[in-house]
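Peer 1:
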Amino acid sequence: MQKILNFCSDIEFYLKIAVSCTIVQQVFYLLLNNIKIDFITQVLLYWLLGSISFYSIGILIEKGIKNNEVLRDKLTARVKKVKNQAFPSFTIRGIITGEIKAFLSALIILYLAPEVHRGNSLLLNLGWFLMRIVAADFCFYVAHRLLHTKFLQKIHLKHHEFRDSSSFVAGHKSLVEYIIVAIADVLPIFIFGYDITQLCAWSVIGNAYNLEGHSSLSIFFIPSDFHDLHHTCFNGNYGIQGFWDRIFNTLNPPTKKPGVMFPVSFIKYITIQSSISNDIEKT
1 MQKILNFCSD
11 IEFYLKIAVS
21 CTIVQQVFYL
31 LLNNIKIDFI
41 TQVLLYWLLG
51 SISFYSIGIL
61 IEKGIKNNEV
71 LRDKLTARVK
81 KVKNQAFPSF
91 TIRGIITGEI
101 KAFLSALIIL
111 YLAPEVHRGN
121 SLLLNLGWFL
131 MRIVAADFCF
141 YVAHRLLHTK
151 FLQKIHLKHH
161 EFRDSSSFVA
171 GHKSLVEYII
181 VAIADVLPIF
191 IFGYDITQLC
201 AWSVIGNAYN
211 LEGHSSLSIF
221 FIPSDFHDLH
231 HTCFNGNYGI
241 QGFWDRIFNT
251 LNPPTKKPGV
261 MFPVSFIKYI
271 TIQSSISNDI
281 EKT
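In terms of UniProt numbering, the sequence shown opens at residue 1 and continues consecutively.
#1: With a threshold of 8 angstroms on Cβ separation, who are the neighbours of residue 299 within its own chain once the five nearest residues in sequence on each side are excluded?
#2: With contact counted as at least three CB pairs below 8 angstroms, one residue from each stretch, are the segment 155-168 and the segment 201-208 in contact?
#3: Just checking GLY50 against the ligand NAP - is the residue's beta carbon closer than 8 angstroms to any of the ligand's heavy atoms?
#4: What is the DSSP secondary structure of LEU217, counted as helix, strand or coil?
#5: Is it buried or exposed for GLN198, if we count other Cβ within 10 angstroms and need 16 for buried?
#6: Return the CA-CA distance between THR97 and ASN6, expressed in angstroms with no decimal places.
#7: Just list the residues that DSSP pairs GLU115 with in beta bridges.
#8: Tell me, which residues are paired with GLY127 by DSSP?
#9: Return the bridge partner residues of GLY259 from the DSSP annotation.
#10: Let me know the secondary structure DSSP gives SER224 once reduced to three states.
#11: Could you tell me the distance, in whole angstroms, from the CA atom of LYS74 to the CA atom of ILE35?
#12: Using the Cβ count rule (16 or more neighbours within 10 Å means buried), how would you classify HIS117?
#13: Taking the CB atoms as reference points, tell me whether LEU130 and TYR14 lie closer together than 9 angstroms.
#14: Excluding five sequence neighbours on each side, which residues of the same chain lie with their C-beta closer than 7 angstroms to the C-beta of VAL24?
#15: Determine the extent of the alpha helix (DSSP H) in which ILE4 is found, giving its start and end residues.
#16: Between LEU44, VAL134, THR149, ARG78, which has its C-alpha nearest PHE103's C-alpha?
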């Protein structure tokens, strides 16, 4: 029963990403459908959406949710406590460098990836996003696990300077790691092709779950302390969520956050409590 619930929890995460992306894609389709968008405009749109959503969602989490004690305590997923760390202040130079990397990535991705037009079919887009997140999770798992080998570990150490995570740790990487992770993330696009409305939706939702995953909070997408444990222990939990770690036996078992936004975790919590109650009654 527990194995089934664990599998359902991973599927729940994938479905949340796919459904959220599909909804956002519909919005972009309505806004862009009647507009002729050339290559440079696509690059600028993809880059700007990624940057604006990254900073705005990160600030909302760090300055909004975390500054509210009630919300912070309710949503905190971290179980194993670590020493508090102050995240380095943003600098103009750092922001400019980051935006140059992001713009060049957008330019290269859209230049090399095959463009397709999938319209606003809900089923077609849902399928594309579902394949996209499962494939992206696998590609990230492989790249991330390689970054923890002794040959590539130094590349990844900058990201692991922080154990008490801030959302913005998601973007705290060395240049080489940035390139490796970017390649891993876009590989599915070269397999499935891209529609600019799909890419825009993925950019926004991808930033949302990535920032949440590094925030030590369970808000909507992240149902556990899965990635917190990775930063605390420096091994295991190499995927975006636990599916591929479960497959390849590298899972450091996370503590699930039950609640209305995470129904599978809630069902598992009720099941465990019921089992404990039955054992007590028998004794």
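We put the CB at the ideal spot given by N, CA and C, even for glycine.
Peer 2: The structure says:
#1: Residue 299 is absent from the structure shown; the chain starts at 1 and stops at 283.
#2: no
#3: With respect to small molecules bound, the structure shown includes none, and the ligand NAP cannot be examined in it.
#4: strand
#5: buried
#6: 40 angstroms
#7: TYR194
#8: Note: GLY127 sits in no beta bridge, so no partner.
#9: PHE262
#10: strand
#11: 43 angstroms
#12: exposed
#13: yes
#14: ALA201, VAL204, ILE205
#15: 2-32
#16: LEU44
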